[in-house]
Amino acid sequence: MPVTKEQLFEAFGEILYALAAVDGKIQQEEKELIMQAIKHHRYEYDILLSFKQEVTKARTITDAFTKAMKTFREYGPFDGYSDFKIILENLAQSCQGVSPEEQQLIDQFHKELLSNFRMHD
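Offset between the sequence shown (1-based) and the numbering used here: plus 2.
Right, here's the structure in full:
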């Protein structure tokens, strides 16, 4: 069964969770930036619901990231991946700069999507 747009944006919520939690604790500034970045987005509900579910489940960073990347690969090419990378970079920057763990997740997100699809730098 093909991945739906709703599932694609749920995966964005999962990867936002992974990035926000990778440094040990999700900061209030990170939550606010996520809310602002997706405010008025057509799939705002799907992204936020997925993010909140990941927080509630306390899924491991690796599990959340792996599940999201699987969804992205199954969905296929999507123009929004580049925009989403910018949101990830802004999220990582929001609290005391980008940690090595955050940069590693962003780099892996970019590398995996770039190797599978034509994603611009």
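For each residue, glycine too, the CB sits at the ideal point set by N, CA and C.
Judged by DSSP secondary structure, Ile40 falls within the alpha helix (DSSP H) whose first and last residues are 30–40. The C-alpha of Glu103 is placed about 22 Å away from the C-alpha of Ile49. Residue environment analysis places Met3 among the exposed positions, since fewer than 16 neighbouring C-beta atoms fall within 10 angstroms of its C-beta.
Looking only at Phe67, Met71, Arg44, the smallest Cα-Cα distance to Val5 is reached by Met71. DSSP places Met71 in the helix class (H, G or I) of the three-state scheme.
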